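Colleague: Shown below is the structure under consideration.
Residue numbers (our numbering): 366 to 551.
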């Protein structure tokens with residue numbers, strides 16, 4: 366079977382403290398740290414995945430751009446999103462106000478990178494979540510036509526699945542519509 370090497374840029378965005386860095390750290394290094402250090406600007410990590418496809422194996426080099434979530438950074442965020450093949454928009458399910466910013470992040474993404482694939486990550490699922498918040502995430506995912514995962518960087522729940530799904534989206538370019546949305550949780 367032939368192999369093909371591909372680089373794909375994937376941005377992680379969301380408000381400060383939602384767990385973007387923790388999700389990347391869990392996926393790339395299989396680690397979790399309780400201490401919180403806010404990302405300043407952008408931090409780029411990479412993870413190599415071997416992705417079997419019909420006629421070949423793709424050696425996918427995922428370049429994960431962890432974008433700062435602070436308001437001060439919003440003016441330059443679009444510059445870092447340029448050229449991305451995909452984005453993981455992360456919310457903290459224990460902070461309802463972070464869920465309400467999903468529209469803003471998705472709109473910003475599609476303005477800069479209209480062909481980018483997106484996945485919503487409802488993080489900190491190891492903590493208590495209200496049915497209202499869980500329902501809102503599902504509704505927003507359906508409205509925007511993007512899959513959503515309930516993740517926990519702390520326990521690792523759905524983290525690997527989230528990024529593997531993103532890998533398939535950026536490789537295949539498969540479009541998902543509002544009637545083809547997926548939800549992943551316990």
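The beta carbon of each residue, even a glycine, is placed where N, CA and C say it ideally should be. Every value quoted in this text rests on a predicted model; they were computed, and no experiment measured them.
Taking the straight line between their C-alpha atoms, what separation do you get for residue 374 and residue 444?
Modeller: Each residue's Cα considered, the two are about 13 Å apart.
Colleague: Find out if the Cβ-Cβ distance for the pair residue 379, residue 456 is shorter than 8 Å.
Modeller: In this structure, residue 456 lies closer than 8 Å to residue 379 by Cβ.
Colleague: Look up residue 502 in the DSSP assignment and say whether it is helix, strand or coil.
Modeller: Residue state, collapsed to three classes: helix.
Colleague: Three Cβ pairs or more, each shorter than 8 Å: is that satisfied between the segment 452-467 and the segment 405-418?
Modeller: With the cut-off at 8 Å, the segment 452-467 and the segment 405-418 do not touch.
Colleague: What three-state label does DSSP hand residue 367 in the structure shown?
Modeller: Reduced to three states, the DSSP call for residue 367 is strand.
Colleague: Quick one, which of 458, 406, 481, 421 has its alpha-carbon nearest residue 438's?
Modeller: Out of 458, 406, 481, 421, 406 has the C-alpha closest to the C-alpha of residue 438.
Colleague: From residue 543 to residue 408, what does the alpha carbon distance come to, in whole angstroms?
Modeller: Reliability of the predicted coordinates at residue 543 is poor, the pLDDT of 35 falling under 50, and the value obtained from them is presented with this limitation in mind. Distance between the alpha carbons of residue 543 and residue 408 is about 32 Å.
Colleague: If the criterion is Cβ atoms closer than 8 Å, does the pair residue 392 and residue 524 meet it?
Modeller: Yes, these two residues count as a Cβ contact at 8 Å.
Colleague: Taking only the alpha-carbon atoms, compute the straight-line gap between residue 448 and residue 478 and give it to the nearest angstrom.
Modeller: So the two alpha carbons sit approximately 7 Å from each other.
Colleague: Closest to residue 527 by C-alpha separation, out of 499, 488, 494, would be which residue?
Modeller: That would be 488, whose Cα lies nearest to the Cα of residue 527.
Colleague: If we ignore side chains and look at the alpha-carbon of each, how far apart do residue 454 and residue 370 end up?
Modeller: If you take the alpha carbons of residue 454 and residue 370, they lie about 26 Å apart.
Colleague: Do residue 384 and residue 518 have their beta-carbon atoms positioned less than 8 Å apart in this structure?
Modeller: A contact, by the Cβ cut-off of 8 Å.
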